[in-house]
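Residue numbers (this note's numbering): 694 to 875.
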């Protein structure tokens, strides 16, 4: 797939991505990078963020953005799809956000965005389109929305919040090229 996000691409964002951009105080940067996409998250993700805000109040900022649409997953078809992803992921309480994001992406023919490696592995086994932060940043570099140095700085800011990313900011260009992202 071409990494360049086409205007109107449907992206469904997971808790991990939203929480680390929020903790790094870079939620505005994420919005700018995704301004041409149709951005979604789920009510389950919002509840996870609210729950996390008990210890990290700044996470409430992610719950208050107006550029993210929220998938409720409350119709019968949506509930069935969510239940299927819960089963596929062997979801316990901690995997419900990922299951909801994968269900919402499937239902909208979109792309799930998560940095959870296990969820990504399972999703790809079921032919779901799923990518992570590094893919988003590489796409932003390809479209001129971000420089490689800027993406590297953002990666380092995210890693400072304990984001589990596969490369450092300094290693981003080489990593992205090695994985055919740049």
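Beta carbons: idealized from backbone N, C-alpha and C, even for Gly.
All values derive from a computational prediction rather than experimental measurement.
Assumed close pair residue i, residue j - CB separation to whole angstroms, cut-off 8 Å
{"i": "residue 803", "j": "residue 704", "result": "6 Å"}
{"i": "residue 848", "j": "residue 830", "result": "7 Å"}
{"i": "residue 738", "j": "residue 793", "result": "6 Å"}
{"i": "residue 834", "j": "residue 850", "result": "Residue 834 to residue 850, Cβ: 16 Å. No contact."}
{"i": "residue 856", "j": "residue 827", "result": "Not really, about 11 Å apart at Cβ, beyond 8 Å."}
{"i": "residue 808", "j": "residue 710", "result": "6 Å"}
{"i": "residue 766", "j": "residue 736", "result": "7 Å"}
Beta-carbon proximity of residue i to residue j, cut-off 7 Å
{"i": "residue 706", "j": "residue 806", "result": "yes"}
{"i": "residue 788", "j": "residue 782", "result": "yes"}
{"i": "residue 821", "j": "residue 733", "result": "no"}
{"i": "residue 862", "j": "residue 846", "result": "yes"}
{"i": "residue 812", "j": "residue 791", "result": "yes"}
{"i": "residue 816", "j": "residue 823", "result": "yes"}
Residue i versus residue j - alpha carbon distance
{"i": "residue 786", "j": "residue 864", "result": "34 Å"}
{"i": "residue 867", "j": "residue 841", "result": "10 Å"}
{"i": "residue 859", "j": "residue 779", "result": "25 Å"}
{"i": "residue 730", "j": "residue 839", "result": "15 Å"}
{"i": "residue 854", "j": "residue 749", "result": "12 Å"}
{"i": "residue 725", "j": "residue 774", "result": "31 Å"}
{"i": "residue 764", "j": "residue 719", "result": "23 Å"}
{"i": "residue 771", "j": "residue 800", "result": "7 Å"}
{"i": "residue 708", "j": "residue 728", "result": "19 Å"}
{"i": "residue 747", "j": "residue 760", "result": "24 Å"}
{"i": "residue 819", "j": "residue 810", "result": "14 Å"}
{"i": "residue 873", "j": "residue 836", "result": "15 Å"}
{"i": "residue 852", "j": "residue 814", "result": "22 Å"}
{"i": "residue 740", "j": "residue 762", "result": "14 Å"}
Practice task
Please specify which runs of the beta strand (DSSP E), each continuous and at least 3 residues long, are wholly inside the stretch 741–815, giving them in chain order.
Solution key: DSSP runs (the beta strand (DSSP E)) wholly in the stretch 741–815: 762–764, 804–806.
Exercise for the section: Specify whether the stretch 753–762 and the stretch 714–728 touch according to this definition: at least 3 beta carbon pairs, one from each stretch, less than 8 Å apart. Expected result: yes
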